[in-house]
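Those sequence lines, one after another, are chains A and B. Residue numbering for the first sequence follows the working numbering, starting at 227 and increasing by one per position. Residue numbering for the second sequence follows the working numbering, starting at 16 and increasing by one per position. Don't be surprised by glycine CBs; every beta carbon is placed ideally from N, CA and C. Here the structure comes first, spelled out in structure tokens, and everything after it is commentary.
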Amino acid sequence: MPQREEHEEFLHATMGAMDLVYNLARRFTNRSEDTEDLVQETYLAAYRAWKEQRRPRRVEPWIGTICLNLGRSRYRTRTRRPVEVSIEDRDFRAPEIGDPEAAAEAAMDRQALYEAMERLPEEQRVAITLVDLGGLSTAEAACAMGTPRGTVLSRLHRGRRGLAALLWAEVRGVEER
Amino acid sequence: MRTWLMNRRHDPERNAAEYVSGELTARARRWFERHILECDDCWREVLLGRFGRRMAEDAREPVPPGLRDRVRAAISLSAD
Chain A
227 MPQREEHEEF LHATMGAMDL VYNLARRFTN RSEDTEDLVQ ETYLAAYRAW
277 KEQRRPRRVE PWIGTICLNL GRSRYRTRTR RPVEVSIEDR DFRAPEIGDP
327 EAAAEAAMDR QALYEAMERL PEEQRVAITL VDLGGLSTAE AACAMGTPRG
377 TVLSRLHRGR RGLAALLWAE VRGVEER
Chain B
16 MRTWLMNRRH DPERNAAEYV SGELTARARR WFERHILECD DCWREVLLGR
66 FGRRMAEDAR EPVPPGLRDR VRAAISLSAD
């Protein structure tokens with residue numbers, strides 16, 4: 227296949243996955259420049275594989291795995307992130323408000339949401355990004371993360387629960403102020 | 016259908032994760048929906064899981080303007 231055609235075919239097949247790649251890259255980086263660099267590196271690595279005829283059945287899990295591997299090896303930023311909090315001992319009782327979801331949505335802004343996501347342990351953030359944002363099945367996410375599906379289910383649920391707990395804590399904080 | 020739950024540990028976390036992710040089969044889902052009406056642990060985990068999932072979906076960050084063009088340009092350069 228002529229190079230031009232191959233490169234157009236690659237872009238056509240993969241550009242739709244940029245939303246997933248970008249959000250996944252955000253899980254490893256704090257600075258926007260680093261995030262964009264990681265996205266670009268991911269696409270270049272994917273294109274090299276594509277040229278070697280390594281074509282995926284589904285693009286999202288494939289390019290997500292490439293981004294994960296690059297992110298883990300080059301952009302692991304644990305030391306620059308806020309301290310991750312253990313959610314195991316948090317209070318998960320429903321808050322004493324009529325409609326917790328509506329109250330939470332009204333009280334927090336998007337920044338609080340991003341910050342809550344940042345405070346989850348990395349593996350939970352990644353599981354949530356792959357499944358809830360990227361639309362991968364938990365089996366595909368398990369493949370991408372190199373872990374059993376049961377582990378992904380556990381990380382996914384703990385991540386979701388952690389987000390809920392952190393945001394309810396935010397709401398309680400807002401109410402007390 | 017009760018065998019679906021009997022064949023596995025009663026694991027509210029795992030059950031809720033599969034249910035909220037839409038990964039239970041139709042039969043298992045119907046059984047689980049009846050089960051959570053009687054099981055406070057599973058019900059609580061489903062509520063937390065649903066809320067967390069909605070929050071996770073809302074945490075999606077838009078791709079910055081210009082990044083798609085930057086990546087296209089980088090691929091074009093590497094193709095030449």
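Cβ-based burial, residue i [other Cβ within 10 Å; buried from 16]
i      : result
H383/A : buried
H238/A : exposed
Q350/A : buried
R274/A : exposed
R336/A : exposed
R381/A : buried
R386/A : buried
E53/B  : exposed
L339/A : buried
Proximity test, Cβ basis, 8 Å: residue i and chain A
i     : result
A89/B : yes
F47/B : no
R68/B : yes
D73/B : yes
Minimum Cβ-Cβ distance from residue i to chain B less than 8 Å
i      : result
Y248/A : yes
I354/A : yes
Q266/A : yes
Nearest-angstrom Cα separation, counted from residue j out to residue i
i      : j      : result
R298/A : A41/B  : 37 Å
A88/B  : E232/A : 15 Å
R375/A : F47/B  : 20 Å
A368/A : G290/A : 12 Å
N249/A : E76/B  : 6 Å
L393/A : D73/B  : 12 Å
T261/A : R252/A : 6 Å
G372/A : E38/B  : 20 Å
Integer-rounded CB distance, given that residue j should sit under 8 Å from residue i
i      : j      : result
L389/A : M343/A : 7 Å
A11/B  : L379/A : With chain B covering only 16 through 95, there is no way to say anything about residue 11/B.
E366/A : P287/A : 4 Å
Beta-carbon proximity of residue i to residue j, cut-off 8 Å
i      : j      : result
V247/A : V265/A : yes
L362/A : A370/A : yes
I51/B  : V35/B  : no
Y301/A : T255/A : yes
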